[in-house]
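In what follows, a single structure is set out as structure tokens and then discussed.
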Amino acid sequence: MSFTFEAQVRSDLGKGASRRLRHANKFPAVIYGKGEEAISIELDHDTVNNAQRNEEFFSSVITLVVDGTEMAVTVKAMQRHAFKPKVQHIDFIRA
1 MSFTFEAQVR SDLGKGASRR LRHANKFPAV IYGKGEEAIS IELDHDTVNN AQRNEEFFSS
61 VITLVVDGTE MAVTVKAMQR HAFKPKVQHI DFIRA
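Here the sequence shown is numbered in the UniProt record's numbering, starting from 1 and rising by one per residue.
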């Protein structure tokens, strides 16, 4: 199964900005690895949350379309809310 998600680069960083994203049904994420600069992005919560229920999500190569550029990534780490079924943050590593 292949996973593709649309993402936007985040310009507003920090705790308050992350909270505003989560209230807008989005969440922060970061892409890093392969000796390139880390990219802070935002993703739509519902599409990623539905996809991560499939166990293949964590072992597959995922395509992120960041401002029109496709990137192949894998999930390195995911943070979830303590008692709500919500994704708080994902670390992606370039594949």
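Note that beta-carbon positions come from the ideal geometry of N, C-alpha and C, so glycine has one too.
Remember, it's a predicted structure, so these values are computed and weren't measured experimentally.
Beta-bridge annotation (DSSP): residue 7 is paired with 43, 66. With respect to the 9 Å criterion, residue 77 and residue 90 are classified as neighbours on the basis of their beta carbons.
When C-beta atoms of the segment 48-60 are compared with those of the segment 1-8, three or more pairs fall below 8 Å, so the two segments count as touching. Distance from the CA of residue 45 to the CA of residue 27, rounded to the nearest whole angstrom, comes to 6 Å.
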